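Structure first, then comments.
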Amino acid sequence: MTNENLSLDENKILQLKKILLEQKEDIQNSYSAIKDLAISSDETSDVVDSATSSSLHSDGFRFLNRRTSYLKKINNSLLKIKLGEFGICEECDGEISYRRLLARPTATLCIDCKEDSEHQEISRHKVSQSYGKSIAEI
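No gaps in the numbering here: position 129 of the sequence shown is 130 in our numbering, and each next residue is one more.
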């Protein structure tokens with residue numbers, strides 16, 4: 002694997018910016034789609050319709066919440082591009098590889114720091130099967 006596949010240059014940043022802007026537009030378009038899917042409780046005629054409507058509303062809000070959270074990450078990445086800070090790991094200040102950013106344009110950690118973070122998270126949540134205590138407590 003050559004360094005040119007990993008490093009960011011202006012063209013790669015522009016490509017990633019385009020991806021982020023497309024994702025942002027997709028999310029903004031999904032807001033109106035979710036609003037259009039919402040069925041008013043007044044329009045339902047029986048208990049089953051009301052339950053279906055309630056389920057659709059719940060799923061729609063959950064989806065909307067996830068999309069809103071991702072939209073914040075997109076906006077943060079676009080701001081970093083504007084400030085010239087895009088592609089820099091927030092943990093080690095190293096460069097986030099282009100391949101990683103193609104897979105996850107909102108990544109804020111390089112792959113090594115992300116893996117370390119995930120290992121720490123797993124370690125904090127491991128529980129001993131025999132005693133019900135966390136590994137850290139044993």
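Quick reminder that beta carbons are idealized off the backbone N, C-alpha and C, glycines included. The structure presented is a predicted model; accordingly, all values stated were derived computationally and were not measured.
Rounded separation between residue i and residue j - CA only
{"i": "Asp10", "j": "Glu26", "result": "24 Å"}
{"i": "Leu21", "j": "Arg125", "result": "33 Å"}
{"i": "Glu23", "j": "Ile89", "result": "22 Å"}
{"i": "Leu15", "j": "Lys73", "result": "19 Å"}
{"i": "Ser31", "j": "Arg63", "result": "13 Å"}
{"i": "Gly95", "j": "Ser70", "result": "25 Å"}
{"i": "Leu103", "j": "Ser78", "result": "13 Å"}
{"i": "Leu110", "j": "Phe87", "result": "11 Å"}
{"i": "Ser41", "j": "Lys83", "result": "For Ser41, the pLDDT reaches just 48, beneath the cut-off of 50, and the residue's location in the model is therefore unreliable, leaving the point undetermined."}
{"i": "Ile97", "j": "Arg105", "result": "11 Å"}
Residue of the options minimising C-alpha distance to residue i
{"i": "Lys19", "options": "Thr107, Asp113, His126 and Ser124", "result": "Thr107"}
{"i": "Leu17", "options": "Asn76, Lys115, Glu119 and Asp94", "result": "Asn76"}
{"i": "Gln29", "options": "Glu92, Asn66, Asn12 and Leu103", "result": "Asn66"}
{"i": "Asp117", "options": "Leu84, Arg105, Cys93 and Asn12", "result": "Cys93"}
Cβ-based neighbour list, residue i, same chain, cut-off 6 Å, excluding 5 preceding and 5 following
{"i": "Ile112", "result": "Arg101"}
{"i": "Lys13", "result": "Tyr99"}
According to DSSP, residues forming a beta bridge with residue i
{"i": "Glu96", "result": "Ile89"}
Cβ neighbours of residue i in the same chain (closer than 7 Å, five flanking residues each side left out)
{"i": "Gln121", "result": "none"}
Cβ-based neighbour list, residue i, same chain, cut-off 8 Å, excluding 5 preceding and 5 following
{"i": "Arg68", "result": "Ile28, Ser31 and Tyr32"}
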